[in-house]
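**Student:** Below you'll find the structure I mean.
In this note's numbering, the protein residues as written are 2 to 106.
See the structure below:
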């Protein structure tokens, strides 16, 4: 399991922190030597997430839980548009995404 809970602290609502934390967790879980980048341009986060999810998929199965995406800080690059989130996930990466009822994401 790789889990990220948006809203558990103020910093957790930043999509860049979410992406970095997920990639760092993949690195640790699968013992990947490659460093995780912290300094990416807004349009690069989705591609980088796909790379890391792909690396995880080649090493085994994984469940990714992203809880509370409706609590993302939208003032940073319109995070609620979810442009940073990959459009598809490798078959070996089962993904659970939660949000509260209300505005659709």
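Cβ atoms here follow ideal geometry from the backbone N, Cα and C, with glycine treated the same way.
Keep in mind the model is a prediction, meaning the values are calculated, not measured.
(1) Which partner residues does residue 78 have in the DSSP bridge list?
(2) Under a Cβ-count criterion, where at least 16 other Cβ atoms within 10 Å of its own Cβ denotes burial, should residue 46 be classed as buried or exposed?
(3) Identify which residue in 104, 79 and 97 has its Cα closest to the Cα of residue 3.
(4) Cβ of residue 37 within 8 Å of Cβ of residue 28?
(5) Between the Cα of residue 77 and the Cα atoms of 13, 35, 103 and 24, which residue gives the shortest distance?
(6) Looking at the strands, I want to know which residues DSSP matches up with residue 96.
**Tutor:** Per the coordinate set shown:
(1) Per DSSP, none; premise fails for residue 78.
(2) buried
(3) That would be 97, whose Cα lies nearest to the Cα of residue 3.
(4) yes
(5) Closest option to residue 77, Cα to Cα, is 13.
(6) DSSP lists 65 as partners of residue 96.
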